[in-house]
Amino acid sequence: MNLKIVVVIFNIEMKNSPTLLSLVKQNAYGYSPAELIIYDNSFVSVHDYKVINELKEGFVVSYKHTPENLTLREIYNLEIKKIRENDYVLFLDDDTNLPTNYLMASYSYIKSHPEVNLFSPLIYVHDKLYSPHRSYSYVNMPLTNVVVGVVSTKNRSVINSGMIVAGRFFIESGFIYPDFVDFYGTDKVFFDHYASLNKSYCIMDVHVNHDVSNHPQNSSVEDYSRVLNRVNAFWIKYLSHQNKSVFLYKLFMLIYALKVSLKRRNVIFLKSAITLGCANEK
Numbered sequence: 001m002n003l004k005i006v007v008v009i010f011n012i013e014m015k016n017s018p019t020l021l022s023l024v025k026q027n028a029y030g031y032s033p034a035e036l037i038i039y040d041n042s043f044v045s046v047h048d049y050k051v052i053n054e055l056k057e058g059f060v061v062s063y064k065h066t067p068e069n070l071t072l073r074e075i076y077n078l079e080i081k082k083i084r085e086n087d088y089v090l091f092l093d094d095d096t097n098l099p100t101n102y103l104m105a106s107y108s109y110i111k112s113h114p115e116v117n118l119f120s121p122l123i124y125v126h127d128k129l130y131s132p133h134r135s136y137s138y139v140n141m142p143l144t145n146v147v148v149g150v151v152s153t154k155n156r157s158v159i160n161s162g163m164i165v166a167g168r169f170f171i172e173s174g175f176i177y178p179d180f181v182d183f184y185g186t187d188k189v190f191f192d193h194y195a196s197l198n199k200s201y202c203i204m205d206v207h208v209n210h211d212v213s214n215h216p217q218n219s220s221v222e223d224y225s226r227v228l229n230r231v232n233a234f235w236i237k238y239l240s241h242q243n244k245s246v247f248l249y250k251l252f253m254l255i256y257a258l259k260v261s262l263k264r265r266n267v268i269f270l271k272s273a274i275t276l277g278c279a280n281e282k
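Here the sequence shown is numbered in full-length UniProt numbering, starting from 1 and rising by one per residue.
Here is the structure:
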């Protein structure tokens, strides 16, 4: 078994990345060093020799500066095309704080369930379980009773950061991220495709702290509004791709935008929803 770790960083110094700092602290004695591929999407390189050298003590590290700011789709597809049958790939953002036992626990779960193609930790955002969650198209709901171990994929979804996927899944399914996915929606598109081919995945009893830009508690009104615009753009394209109703989604987002506008006392969300509703469906 060979573990490949793909980390995408953007406009953050390596010494300030929760992901890289937590990788430095990993304990994986008894296993071959994992391959760590770092994509630096910052316009100006944030390469830090000190951090890189610390990472090299536990990983086989390769650093790629991509100032053109490659999309997650492009980066993930580049790595998917290189995957071998016995590989496992771990996807990480730059703001995921892994516990020190993450790799050891992951290896243990993979060894215990060699038939499973997807492993996901318990992701917490603002001290609340964020992933895995119940998912009904564009409506997501938190899980109240989480069962760890091998569980059903039905009406479920997980986020990218922290998930580990068996290389054989990509090889056998031929999955690559579609053109309409850039920075948002990669997790939803992946899990939907995975669930269409696999009845189960494994939830690891490992707690991971993470930050997400599209969380309602995002303190910046402008930033949250921009993120919602990306969310809307993705769902319009994804629903159209699935030949599902875009109108119902627009109505759903109009109601949501009204609630957020009242809560935040800012009409920027309502304006965006109205603009979305007036846009032509393509």
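All C-beta atoms in this analysis are idealised placements derived from N, C-alpha and C, irrespective of residue type, glycine included.
Keep in mind that this is a model prediction, so the values were computed, not measured.
Looking at C-alpha atoms only, which residue of Ala34, Glu54, Ile9 is the closest neighbour of aspartate 40?
Ile9
Beta-carbon within less than 7 angstroms of threonine 100's beta-carbon, same chain only, minus the 5 sequence neighbours each way: which residues are those?
Lys25, Gln26, Asn27
I'd like to check one pair, valine 51 with lysine 4: are the Cβ atoms closer than 7 angstroms?
no
Output the boundary residues of the alpha helix (DSSP H) element that contains aspartate 40.
Taken as a continuous stretch (DSSP letters only), aspartate 40 belongs to no alpha helix (DSSP H), being part of the beta strand (DSSP E) at 34-40.
Isoleucine 210: buried (16+ other C-beta within 10 angstroms of its C-beta) or exposed?
Here residue 210 is histidine; the residue named in the question, isoleucine, does not match the sequence. With 16 or more Cβ atoms within 10 Å of its Cβ, histidine 210 is classed as buried.
How far does the alpha helix (DSSP H) with valine 24 in it reach, from first residue to last?
18-24
Just reading off the beta strand (DSSP E) that valine 212 is part of, what are its end residues?
Unbroken run through valine 212: none, as it is neither H nor E.
Go ahead and label threonine 19 buried or exposed: buried means 16 or more other beta carbons lie within 10 angstroms of its beta carbon, across all protein chains shown.
buried
CB contact flag (isoleucine 37, valine 6, <7 angstroms)
yes
For isoleucine 171, list the residues DSSP reports as bridge partners.
Beta-bridge pairing links isoleucine 171 to no other residue.
Alpha carbon to alpha carbon, what distance is there between asparagine 53 and glutamate 13?
15 angstroms
Leaving aside the five residues before and after histidine 65 along the sequence, list all residues of the same chain whose C-beta is less than 6 angstroms from its C-beta, in chain order.
Asp40, Ser45
Measure the C-alpha to C-alpha separation of serine 157 and histidine 193 and round it to an integer number of angstroms.
11 angstroms
CB of asparagine 185 within 7 angstroms of CB of phenylalanine 234, strictly
Position check: residue 185 holds glycine in this sequence, whereas asparagine was assumed. Their beta carbons are under 7 angstroms apart, which means glycine 185 touches phenylalanine 234 by this criterion.
Complete beta strand (DSSP E) runs within the segment 147-171 (minimum length 3 residues, chain order)
149-152, 164-166
First and last residue of the alpha helix (DSSP H) that includes valine 51?
49-56
Taking DSSP as the reference, what is the three-state secondary structure of valine 8?
strand
How is the alpha helix (DSSP H) around aspartate 192 delimited, first residue to last?
186-197
Environment of asparagine 160 [buried if 16+ CB atoms lie within 10 Å]
buried
Across the segment 188-208 and the segment 117-127, are there enough close Cβ pairs to call them in contact, namely three or more that are closer than 8 angstroms?
yes
Measuring CA to CA, which of Leu258, Leu239, Tyr29, Glu68 is closest to serine 42?
Glu68
Does DSSP put arginine 230 in a helix, a strand or coil?
helix
From the DSSP output, read off the bridge partner residues of arginine 134.
Met141, Arg156
Taking all protein chains shown into account, decide if lysine 282 is buried (16 or more other Cβ within 10 angstroms of its Cβ) or exposed.
With a pLDDT of only 46 at lysine 282, under the threshold of 50, the placement of this residue in the model should not be trusted; the figure read from the coordinates follows. Counting Cβ neighbours within 10 Å, lysine 282 comes out exposed, since fewer than 16 surround it.
Whole-angstrom C-beta distance between isoleucine 171 and tyrosine 88, which should lie under 8 angstroms:
No, tyrosine 88 and isoleucine 171 are not in contact; Cβ-Cβ is about 12 angstroms, not under 8 angstroms.
Looking only at C-alpha atoms, which of His47, Pro33, Leu78 sits nearest to lysine 56?
Pro33
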